[in-house]
Each structure stands twice: as structure tokens, then as C-alpha cells.
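K.L.:
My questions will all concern the structure given below.
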């Protein structure tokens with residue numbers, strides 16, 4: 001009988017010693033898990049914006065392939081598509097001559113798209129390459145304040161740009 005009482009006392013004392021352990025574990029794990037979920041949502045949102053930019057550029061470029069379509073009409077179509085998903089006031093649109101891509105061995109990551117020459121699609125030659133590109137600063141479309149993306153000192157804009165583009169030939 002004495003052994004059973006000692007066991008029961010030891011079990012009760014063990015439970016009393018563990019009181020609050022679950023609360024402490026929750027207090028340690030919950031903030032980490034919350035930050036993980038917020039980061040996951042932010043990454044998925046950035047991917048969605050990037051995919052939307054690419055799809056909108058493709059749709060607008062398809063319109064620009066045909067004859068008698070102006071550059072302004074292509075830009076308006078691009079912004080119309082984007083307006084369903086993001087605020088277009090921060091979007092920069094480039095519709096440029098893409099003949100630089102006709103050169104074999106070109107590294108597309110080295111191309112400065114803003115420095116390419118503009119193109120008027122209504123005057124484009126048949127089979128002439130053109131680029132439709134849209135860029136938006138990450139901090140303009142982020143769900144959460146981008147505390148991990150530092151702003152540049154002078155311009156005040158985020159150094160991270162989300163972009164989409166399409167390169168097509170005029171018909």
C-alpha cells in the first residue's frame with residue numbers, strides 16, 4: 001500500500017512541476033510560426049503579381065502583333081489587364097524595339113530595357129521584334145510593410161522590382 005501511495009504522490013508532483021510548460025512552449029513557437037506564415041503569404045503574393053505582369057505583357061503584345069495597332073493602344077490594354085490585380089499608378093511600361101534580341105549569343109540579363117529605342121507599332125516592319133515590359137516596385141504591391149527590403153537613400157524607391165515582359169514579332 002505504501003508503494004502505491006508513493007507512486008501517486010510522485011505522479012501528482014510531476015504534473016505540478018510541468019504546469020505552464022505548454023504555455024511557455026506556445027509562447028516560443030507561436031511568434032516564429034506566425035512570421036513564417038506571413039512570409040509565406042508575402043512570397044505567394046509577390047509571385048502572383050509577377051505572374052500577372054507576365055500574363056498582361058503577353059496579352060498586350062499579342063494585340064500589338066497585328067497591323068494598325070498603336071503603341072498607345074497596347075499600353076492601355078496592358079494597364080487595363082493589370083488594373084484588375086494591382087494599382088497601376090506605380091507601374092512602369094516599356095514598349096521598345098527588340099531588335100537587340102536578334103543578335104545570337106546575347107545575354108538577356110545584361111540588357112538595359114529603358115535604354116532601348118522606342119517603337120511605334122503602327123509603323124513597325126513585318127517580322128520586327130518588339131518588347132512589352134512592365135515593372136512595379138515591390139514595396140508598392142507588398143501586403144506587409146517590406147521591412148526586409150531596404151530603401152535606397154536618394155530615390156526612396158525599393159531596389160527590388162517585380163517585372164514581366166513579352167518579346168514578339170510584328171506581323
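In full-length UniProt numbering, the protein residues as written are 1 to 171.
Beta carbons: idealized from backbone N, C-alpha and C, even for Gly.
Computed from a predicted structure; not experimentally measured.
Express the C-alpha separation of residue 113 and residue 84 in angstroms, rounding to a whole number.
P.N.:
25 Å
K.L.:
In whole angstroms, give me the CA-to-CA distance for residue 20 and residue 29.
P.N.:
14 Å
K.L.:
Mind checking residue 137: buried by the 16 CB within 10 Å criterion, or exposed?
P.N.:
buried
K.L.:
Hey, quick one: how far does the beta strand (DSSP E) through residue 33 stretch, first residue to last?
P.N.:
Per DSSP, residue 33 belongs to no beta strand (DSSP E); it is in the alpha helix (DSSP H), 21-65.
K.L.:
Is DSSP giving residue 106 helix, strand or coil here?
P.N.:
Coil at residue 106, not helix or strand.
K.L.:
I'd like to know if the region 22-39 and the region 118-135 are in contact, where contact means that at least 3 CB-CB pairs between them fall below 8 Å.
P.N.:
no
K.L.:
Starting from residue 81, trace the alpha helix (DSSP H) in both directions and tell me its first and last residue.
P.N.:
71-82 is the extent of the alpha helix (DSSP H) around residue 81.
K.L.:
Grouping DSSP H, G and I as helix and E and B as strand, with all else coil, what is residue 115?
P.N.:
helix
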